[in-house]
Each structure stands twice: as C-alpha cells, then as structure tokens.
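Chemist: Below is the structure I would like to discuss, written out as structure tokens.
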Amino acid sequence: MKMKQKLIASAVALSAMVGFAVPAAHADVAATVGASNMYYWRGFDLLGGAALIADVNVSSNGFVAGVWTSSGDDTLGTEYDLYAGYSGAAGEFTYGVSVVSYNYANPKGLYFKDESLVKWEPVDPGDYVEVIPTVGYGPFKLTYYDAVNADHDYFSEDYSYVTAELNFEKFGIKYGQHMMKDGDSEGMDGISHIDITYKYNSKLSFTLGKIIEDNDGYAADKANFVVNLTLPIE
447 MKMKQKLIAS AVALSAMVGF AVPAAHADVA ATVGASNMYY WRGFDLLGGA ALIADVNVSS
507 NGFVAGVWTS SGDDTLGTEY DLYAGYSGAA GEFTYGVSVV SYNYANPKGL YFKDESLVKW
567 EPVDPGDYVE VIPTVGYGPF KLTYYDAVNA DHDYFSEDYS YVTAELNFEK FGIKYGQHMM
627 KDGDSEGMDG ISHIDITYKY NSKLSFTLGK IIEDNDGYAA DKANFVVNLT LPIE
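Just so you know, we're using my numbering here: the sequence shown kicks off at 447 and counts up by one.
Shown next as structure tokens:
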C-alpha cells in the first residue's frame, strides 16, 4: 500500500510540474484520435478486431502528462491510461522516463477464483503501474517497462518488457521481449517479437509483427499486419 501511495504521489507531482514549469499560456496542449484494424500490444492482437484510440496531453519544458484511451481488448474491455513523464536530449543522445497507470473500468473476461468462475474486478488508477525509462542515440532507442505495482489479480509485479528499435524517416524495426522476474516458464517469460513498420506519412503507418520466440505454444503462431491511422485534433 505504501508503494502504491508513493507511485501515485510521484505521478501527481510529475503532472503538477508540467503545469508549473512555465506559465500556462506557454504550455502545449495536443489531442489526437485514431483507429487501427487491431489492438496490437507488444506482439499480440488483444482484440481480434478494430480498435479506436484517443489521446490528450499537456507538455512544457520536456514534461508531459495526459490521458490515452482505447476501445480495449477482449478480456479487460475499454482502457484508459494516465501518464506523466519527462524527456530531453543532448546532441544525438536522448533520454526520458515516464510513469503509466493502466486502467479498465468494466472488464469483460472471466476467470477461476476459489473454484468459481468470476468476472475480473475493475482496474482502478494505481492498481497497475509501470515505470518506463528510455535512452537513445541517433535512430537507436532502448526502452524498459517495469511493473512496479500490481494490486490486481490479472497483473504481476514480476513482469517486465524491453524493446530495442531503430527508427528512420520512413521505416522502423523493433525487437521486444517479455520477461518474468520469477522465471515463470509457463507464461510470458521469454516471448519475443519483431515489428517492421513503414510510415507512409505522419498519420498513416503499416506494421508487420511476428512472434519469433514462443513459450510452448503460449502465443499464436501467426504474423500480424497492423494498419494505424492517427489524426490530430486542431
């Protein structure tokens, strides 16, 4: 509980810093809406159908805070994420860190608990939180996702995920790997994927993703072709 309170307090403090770093008139407010043929998450198609996406954020002096939402996945339903972060650069070197709380108000899936089939409980702000540091140089970027709080049966604090990617004007390639600190060989531990992306323009992109290292059939053995459209709200 103390860890959860500290994480929430840190995120609130970071969000407040965004608002007070410069006068409000100098803060940038941005909003986007988007659509994709699937909810593609870290190598997996979570929805099996089209997904709608929206994002609103405020940024100032390298700080950013906002809300991201999606029509969600088959198990947890509609998702909204609260995030705050900071990023900067020194020449070709880039760095940043963010805190994200993943939230689901009305999960759809069922699971067995105490020999009974029950519906997943809502995932409230602070229930599942990741801290995400990132470093890069030129087109290369390395990102680590660490589950620092998992106060919900669906999630685990043992989970982490890492990506290494190269991004160019029109093309990008990403390697991602799921990890479990407890070495759970029957779950996500060790599953990895490759994504290759073509950016038609700043709004439309196409990604081909494929699981390349499975864990005894845990992941579907198929390639995912993702079409993603993002439009700014002026």
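Idealized CB from N, CA, C, for every residue including glycine.
(1) How about the stretch 517–530 and the stretch 489–498: do they share at least three Cβ pairs that are nearer than 8 Å?
(2) Using three-state DSSP, classify H598 as helix, strand or coil.
(3) From which residue to which residue does the beta strand (DSSP E) around F617 run?
(4) Could you tell me the alpha carbon to alpha carbon distance between N549 and P568, rounded to whole angstroms?
(5) Could you say if the stretch 470–484 and the stretch 502–511 meet the contact criterion of at least three C-beta pairs nearer than 8 Å?
(6) Pull up the distance between the alpha-carbon of A649 and that of Q623, whole angstroms please.
(7) Could I get the ranges of all uninterrupted beta strand (DSSP E) runs contained in the stretch 647–674, with 3 residues as the minimum, in chain order?
(8) Take F671 and list the residues in its own chain whose beta-carbon comes closer than 7 Å to its own, dropping the five residues that flank it on each side.
(9) Report the option in D604, Y590 and G618 whose CA atom is closest to the CA atom of A596.
(10) Let's test the definition: count the other Cβ atoms within 10 Å of the Cβ of Y583 and tell me whether it reaches 16, buried, or not, exposed.
(11) Taking the continuous beta strand (DSSP E) assigned at W514, which residues delimit it?
(12) Which residues share a DSSP beta bridge with A476?
(13) According to DSSP, A481 sits in a beta bridge with which residue or residues?
(14) I'd like to check one pair, T478 with T643: are the Cβ atoms closer than 8 Å?
(15) Near G480, what residues of its chain come up, given a Cβ to Cβ distance below 6 Å and the 5 sequence neighbours on each side ignored?
(16) Tell me K645's beta-bridge partners as DSSP assigns them.
(17) When the Cα atoms are used, what is the spatial distance from Y621 to Y486?
(18) State the CB to CB distance for the pair H405 and K627, rounded to an integer number of angstroms; the pair is presumed to be in contact (CB under 8 Å).
(19) Would you tell me roughly how many angstroms separate the C-alpha atoms of S547 and W566, rounded to the nearest one?
(20) Check the C-beta distance from F539 over to P585 and give it rounded, since I have them as a contact under 8 Å.
(21) So, L528 versus P553, is the Cβ gap smaller than 8 Å?
(22) Please report the distance separating the alpha-carbon of G555 from that of A536.
(23) Thinking C-alpha only, which one of F652, V581 and V608 is nearest D635?
(24) Go through its chain and collect everything with a Cβ distance to V575's Cβ below 6 Å, but skip five positions before and after it.
(25) Give the single residue among K645, H598 and V577 whose Cα lies nearest to the Cα of K616.
Modeler: With the structure as the only source:
(1) yes
(2) The residue labelled residue 598 in the question sits at position 152 within the sequence shown. If DSSP states are grouped into helix, strand and coil, H598 belongs with coil.
(3) Counted from its first residue, the sequence shown places residue 617 at position 171. Here the beta strand (DSSP E) through F617 covers F617 to M626.
(4) Within the sequence shown, numbered from 1, the residue matching residue 549 stands at position 103. Within the sequence shown, numbered from 1, the residue matching residue 568 stands at position 122. Cα-Cα distance, rounded: 8 Å.
(5) yes
(6) Here residue 649 refers to the residue found at position 203 of the sequence shown. Here residue 623 refers to the residue found at position 177 of the sequence shown. Checking the sequence shown, residue 649 turns out to be Lys, not Ala. Taking the straight line from one Cα to the other gives about 27 Å.
(7) 650–659
(8) On the sequence shown, residue 671 is found 225 positions in, with the first residue counted as 1. So the list reads L654, once near-sequence residues are dropped.
(9) For the purposes of this step, residue 596 is taken as the residue at position 150 of the sequence shown. It is D604 whose Cα lies nearest to the Cα of A596.
(10) In the sequence shown, residue 583 corresponds to position 137, counting from 1. By the neighbour-count rule (16 or more Cβ atoms within 10 Å), Y583 is not buried but exposed.
(11) Mapped onto the sequence shown, residue 514 falls at position 68. F509 to D519 is the span of the beta strand (DSSP E), which, as asked, contains W514.
(12) Counting from 1 along the sequence shown, the entry for residue 476 is found at position 30. In the DSSP output, where bridge partners are listed per residue, A476 has N503.
(13) Residue numbering aside, residue 481 sits at position 35 when the sequence shown is read from its first letter. BP columns for A481 point to L498 and L675.
(14) Position 197 of the sequence shown, counting from 1, holds the residue named residue 643. Position 32 of the sequence shown, counting from 1, holds the residue named residue 478. Going by C-beta atoms, T643 is not nearer than 8 Å to T478.
(15) Position 34 of the sequence shown, counting from 1, holds the residue named residue 480. Same-chain partners within the cutoff: I499, L675 and T676.
(16) Here the question's residue 645 lines up with position 199 in the sequence shown. Answer is S651, bridged to K645.
(17) Mapped onto the sequence shown, residue 621 falls at position 175. Mapped onto the sequence shown, residue 486 falls at position 40. So the alpha carbons of these two residues sit roughly 14 Å apart.
(18) Since the displayed the chain opens at 447 and closes at 680, residue 405 lies outside it and no answer follows.
(19) One-based indexing of the sequence shown puts residue 547 at position 101. One-based indexing of the sequence shown puts residue 566 at position 120. Distance between the alpha carbons of S547 and W566: 18 Å.
(20) For this step, residue 539 is matched to residue 93 along the sequence shown. For this step, residue 585 is matched to residue 139 along the sequence shown. F539 to P585, Cβ: 12 Å. No contact.
(21) One-based indexing of the sequence shown puts residue 528 at position 82. One-based indexing of the sequence shown puts residue 553 at position 107. Going by C-beta atoms, L528 is not nearer than 8 Å to P553.
(22) Within the sequence shown, the letter at position 109 stands for residue 555. Within the sequence shown, the letter at position 90 stands for residue 536. In a straight line, the C-alpha of G555 is about 45 Å away from that of A536.
(23) Taking the first residue of the sequence shown as position 1, residue 635 is located at position 189. Ranking F652, V581 and V608 by Cα distance to D635 puts V608 first.
(24) For this step, residue 575 is matched to residue 129 along the sequence shown. The answer, listed in chain order, is L453, S547, V594 and N595.
(25) Counting from one through the sequence shown, the residue named residue 616 turns up at place 170. For the residues K645, H598 and V577, the minimum Cα distance to K616 belongs to K645.
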